[in-house]
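Asks: So the working numbering is basically just the index in the sequence shown, starting at one, shifted up by 25. Dumping the structure here so I can ask a few things about it.
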Amino acid sequence: VEYDDQRPRGRIPPQDLEAEKSVLGALLLDPNESQEVLSSMKPDDFYRPAHAKVFEAVVSLFEKNEPVDEVTVAAELQKQ
Numbered sequence: 026v027e028y029d030d031q032r033p034r035g036r037i038p039p040q041d042l043e044a045e046k047s048v049l050g051a052l053l054l055d056p057n058e059s060q061e062v063l064s065s066m067k068p069d070d071f072y073r074p075a076h077a078k079v080f081e082a083v084v085s086l087f088e089k090n091e092p093v094d095e096v097t098v099a100a101e102l103q104k105q
């Protein structure tokens, strides 16, 4: 039996946009308590590109030891 490891064309990969929103919301509420999430996830884990960009902004702020909240994340996104 041969297996084709390429994704079938026209199929949408598994996704859960509500779960993505929940992860981002938790990061905004308390990024210091979410360090494990920040270190174990990467932007490619998000299906929606906008969610990946928000995640990148949160990580960037966290790595610079800057506050992470709606205002600072929005400002970081404007820089990109």
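Glycine included, C-beta positions come from ideal geometry on N, C-alpha and C.
Give me, in chain order, the residues of the same chain whose beta-carbon lies closer than 8 Å to that of Val98; leave out the 5 immediate sequence neighbours on both sides.
Replies: Answer for Val98: Leu53, Val79, Ala82, Val83 and Leu86, listed in chain order.
Asks: Are the CB atoms of Leu42 and Arg73 nearer to each other than 8 Å?
Replies: Cβ atoms of Leu42 and Arg73: closer than 8 Å.
Asks: Using 8 Å as the threshold, is the C-beta distance between Glu88 and Phe71 below it?
Replies: Cβ atoms of Glu88 and Phe71: not closer than 8 Å.
Asks: Could you tell me whether the Cβ atoms of Pro68 and Ala77 are closer together than 8 Å?
Replies: Cβ distance < 8 Å, so Pro68 and Ala77 count as in contact.
Asks: Looking at the secondary structure, which residues open and close the alpha helix (DSSP H) in which Glu43 lies?
Replies: Its alpha helix (DSSP H) spans residues Leu42 to Leu54.
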